[in-house]
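First comes the structure, then the notes that go with it.
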Amino acid sequence: MKEGFTALTALVSFIAGVFGILVLYANNKGAFADLKNDFYSWLYQEKAWTGLFNNFPEGYVDMASMNLSDTSLQLVIIVKDGNVEGVIADKKLCKVGFPNGYKLLKGDIGVFGNTANVQAFDFEAGFLREYAELKIKREGIVLEVEASEGSKWLLPRPVRIAMHPETDADTGMKSLLDFCATERAELMKHLGQPQKSHGIESKLDTETP
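Just so you know, we're using the UniProt record's numbering here: the sequence shown kicks off at 1 and counts up by one.
Given below as structure tokens:
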């Protein structure tokens, strides 16, 4: 009987404790949300990942010691709750799909924020098309980016890029809007040639008796 009473007391205490936590949560949802956000920010090192990364992050006096790569790759990364969003730009990507300034980026950060797996993708005719999968290792402000098997066409070997110290994610995206401007102009010129030729032929046909 005593053991049953002890178990019942423990159960009641547990239920009361859970109820107390629920009441506390209901009265302090904002505080709990802030606590959760702070925890995820620490767990995934969100601030260390968020920004513009390229091979010429002006502003660091020790940039030479970072051993950055000769690459056109640029990443703009935004991390929320361990999930990656952002954009990716590279001259090779300008040659696949329509040459917008950049392709989209999605993926996730590993626990403790030292690694990430991401995919470069875009929407074509309403359908999602994936271009490449990348594995990223973070060493402070430096990212080592390696293409997965099947994506070596984009990065035949790993490259090193670093966070730009004075450019936030929004500014970074805007700076890449014209990244493929040359390729886009060449495409539009190419598309315009048949139309122009067709117009001349139509005019000649009209003028021919």
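Beta carbons are placed, not taken as given, at the ideal position from N, Cα and C, and that holds for glycine.
Since the model is a prediction, treat every value here as computed from it, not as a measurement.
Assigned secondary structure, residue i (DSSP; H/G/I helix, E/B strand, else coil)
| i | result |
| --- | --- |
| GLU130 | strand |
| ARG157 | coil |
| THR71 | coil |
| GLU139 | strand |
| ASN37 | helix |
| GLY150 | coil |
| residue 213 | Residue 213 is absent from the structure shown; the chain starts at 1 and stops at 209. |
| LYS92 | coil |
| GLY192 | helix |
DSSP bridge partner residues for residue i (one or two, in chain order)
| i | result |
| --- | --- |
| PHE123 | LEU128 |
| PHE53 | LEU75, MET163 |
| THR182 | DSSP lists no partner for THR182. |
| ALA64 | ALA64 is not bridged to any residue. |
| ASN117 | ASP108, LYS135 |
Where the beta strand (DSSP E) through residue i begins and ends
| i | result |
| --- | --- |
| LYS106 | 103-109 |
| LEU143 | 142-147 |
N-terminal and C-terminal residue of the alpha helix (DSSP H) that residue i is part of
| i | result |
| --- | --- |
| ALA48 | 46-49 |
| LYS80 | No alpha helix (DSSP H) holds LYS80; the beta strand (DSSP E) holding it covers 74-80. |
| GLY86 | Unbroken run through GLY86 is the beta strand (DSSP E), 83-89; no alpha helix (DSSP H). |
| MET173 | 169-175 |
Anticipated Cβ contact below 8 Å, residue i with residue j, distance rounded
| i | j | result |
| --- | --- | --- |
| ILE136 | VAL118 | 7 Å |
| residue 217 | LYS95 | Here the chain has residues from 1 to 209 only, and residue 217 is not among them. |
| HIS164 | LEU75 | Not confirmed; about 10 Å, so no contact. |
| LEU43 | ILE161 | About 24 Å; that fails the 8 Å criterion. |
| ASP108 | VAL87 | With a Cβ gap of about 17 Å, ASP108 and VAL87 do not count as contacting. |
| LEU105 | ASP122 | Actually they do not touch by this definition, with Cβ atoms about 10 Å apart. |
Exposure of residue i, with buried meaning 16 or more beta-carbon neighbours within 10 Å
| i | result |
| --- | --- |
| HIS190 | exposed |
| ALA181 | exposed |
| PRO57 | buried |
| ALA89 | buried |
| LYS47 | exposed |
| LYS152 | exposed |
| THR171 | exposed |
| PRO99 | buried |
| PHE179 | buried |
| LEU177 | exposed |
| LEU128 | exposed |
Residue i: CB within 7 Å of a non-hydrogen atom of the ligand FMN
| i | result |
| --- | --- |
| THR71 | Summarising the ligand content, the structure contains no ligands, and the ligand FMN is consequently not present. |
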